[in-house]
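S.K.: Have a look at the structure that comes next, please.
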Amino acid sequence: MVKARRSDYFTYGVSHVEIEEFVEQHECVKDYLNQWPKDGSTYIEKSVGIVRFFRYLKVVHNLDLTPAEFLDTHLAKRSMQKVAERQWALKLALSYSRDNEDLKNSAMHYKYSAFYLPVKGFCDCHEVPLTASTGLFKKKERRKTKDTPLTIDFVKRALGALPQRERAISMCQLQAGQAIKQVLVDMNCQAKRVFREIDMGKERIRFDFDERKGNGFAYFSFISRDAIQEIQKWRLQRKKILNQLGMESDYIFITESGKPLSTKKYHTLTWYHYKKAGLYKGSHSVRSHGFRKFFEQEASPPERNVSKGYVSFMMGHSSPQDQDRTNPLDVVGGVYDGAPRVYPGVVEREYEKLEPFLNIYSGGSQGSPVGVMPRKQQEALAVFAEMLNSNPEKMRKFQKFLLEL
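Each residue of the sequence shown is one higher than the one before, counting from 230 in our numbering.
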């Protein structure tokens with residue numbers, strides 16, 4: 230079966246080559262897209278959305294307009310007296326997104342973000358607003374499936390269903406309070422430093438982040454014993470892959486071809502293993518972002534005396550997350566509170582309070598941490614696990630033995 234190109238999905242689809250050519254030919258589109266880094270996911274989503282829109286106008290509505298002509302026509306029609314004429318551009322944008330028959334089985338959020346927003350943003354960027362109206366896209370009152378409560382037992386079951394690489398990644402999410410993109414992009418490229426600090430015997434490793442979701446808010450967080458142990462187990466498999474390929478890598482989490490693991494592949498693999506383990510029961514029943522949420526959840530009980538302001542800082546929130554701070558300027562690490570950078574030890578001490586509850590295997594729920602397993606024992610366990618995985622029959626017998634204990 231031949232895999233469909235992006236341009237094959239719709240009669241007005243566009244390929245990446247066509248997008249690049251279109252952007253180069255039209256300065257107003259280039260000006261709009263220059264708001265974002267060219268290799269970023271936002272740039273890709275907006276460029277696909279806006280270029281596809283003009284192909285849609287030509288194919289579906291027989292309107293062969295350049296982007297500049299579209300803006301000029303929209304501006305001219307806005308000054309007309311007839312409502313239908315004034316809503317000309319808005320109706321085209323909605324027919325492309327919300328009311329598009331090709332998207333009748335697609336989620337409303339997808340129609341809004343991937344189709345409508347690029348057009349609205351393009352018009353807004355050139356000071357010809359599409360509309361001031363809100364509520365054009367109806368939101369569902371509730372989800373079909375509720376979020377699964379993030380109990381320690383459920384988190385352990387979710388982690389236990391994953392292969393070693395994905396388990397180590399998820400553990401980094403949980404212990405650093407980061408989304409999957411931060412782990413696989415910002416943290417992943419620091420293999421040499423991370424392995425060096427692990428070999429030095431460090432039980433807590435700091436990671437610095439320039440920003441999150443383009444908010445310009447610099448922050449840092451940590452991983453602890455459990456994540457380090459999972460990385461060590463994965464490290465053996467990683468070494469085997471690189472030895473077979475005869476290459477080195479600056480990335481912690483790599484694929485079988487030696488390339489850095491992508492977020493898309495991570496989600497595909499984790500979804501497969503969750504479904505196989507019977508944990509996946511529809512959208513939101515189990516998802517990777519839950520590990521990030523677990524980080525904040527474990528800091529909430531008042532008796533743990535963990536500062537939510539500093540937890541928000543470690544998670545990269547640039548807006549207030551508590552009632553005591555109402556202005557974004559006043560957040561920990563913000564414009565008027567530079568304490569985390571002036572006194573970094575303060576952040577680490579707050580993390581230390583939270584650490585026993587994040588070390589779900591070695592720390593215990595009541596906060597009585599135990600020592601880290603010696604490296605040789607970690608390696609021996611990893612080899613043992615690899616042997617079991619290579620023999621499904623032995624693995625089944627071993628699982629049966631554990632259940633009988």
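Just so you know, even glycine gets a beta-carbon here, dropped at the ideal spot from N, CA and C.
As the structure is a computational prediction, the values presented were derived from the model and not from experiment.
1. Around the Cβ of residue 527, are there at least 16 other Cβ atoms within 10 angstroms (buried) or fewer (exposed)?
2. Buried or exposed: residue 349, going by 16 or more other Cβ atoms within 10 Å of its Cβ?
3. Do residue 332 and residue 344 have their C-beta atoms closer together than 9 Å?
4. Just mark residue 246 as buried or exposed, buried being the case when its beta carbon has 16 or more other beta carbons within 10 Å.
5. Would residue 407 and residue 521 be called neighbours here (beta carbons separated by less than 9 Å)?
6. Taking the CB atoms as reference points, tell me whether residue 489 and residue 401 lie closer together than 9 Å.
7. Are three or more beta carbon pairs between the stretch 298 to 308 and the stretch 258 to 277 nearer than 8 Å?
8. Which residues bound the alpha helix (DSSP H) around residue 503?
9. Counting C-beta neighbours from all protein chains within 10 Å, is the total for residue 240 16 or more, i.e. buried, or is it exposed?
10. Can you check which of these residues, 251, 266, 257, 265, is closest to residue 281 by C-alpha distance?
11. Considering only the beta carbon of each residue, do residue 199 and residue 420 sit closer than 9 Å?
12. Would residue 276 and residue 258 qualify as a contact pair, given that the criterion is a beta-carbon distance under 9 Å?
13. State the Cα-Cα distance for the pair residue 448 and residue 330, rounded to the nearest angstrom.
14. With DSSP as the reference, label residue 381 as helix, strand or coil.
15. Would DSSP call residue 244 helix, strand or coil?
16. Under a three-way DSSP split, which group does residue 521 fall into?
17. Select from 475, 387, 589 the residue whose C-alpha is nearest the C-alpha of residue 517.
18. Taking DSSP's pairing of strands, which residues face residue 467 in a bridge?
M.R.: Short version:
1. buried
2. buried
3. yes
4. exposed
5. yes
6. no
7. no
8. 492 to 505
9. exposed
10. 251
11. Residue coverage of the chain in this structure runs from 230 to 634, which leaves residue 199 outside it and unanswerable.
12. yes
13. 44 Å
14. helix
15. coil
16. helix
17. 387
18. DSSP lists no partner for residue 467.
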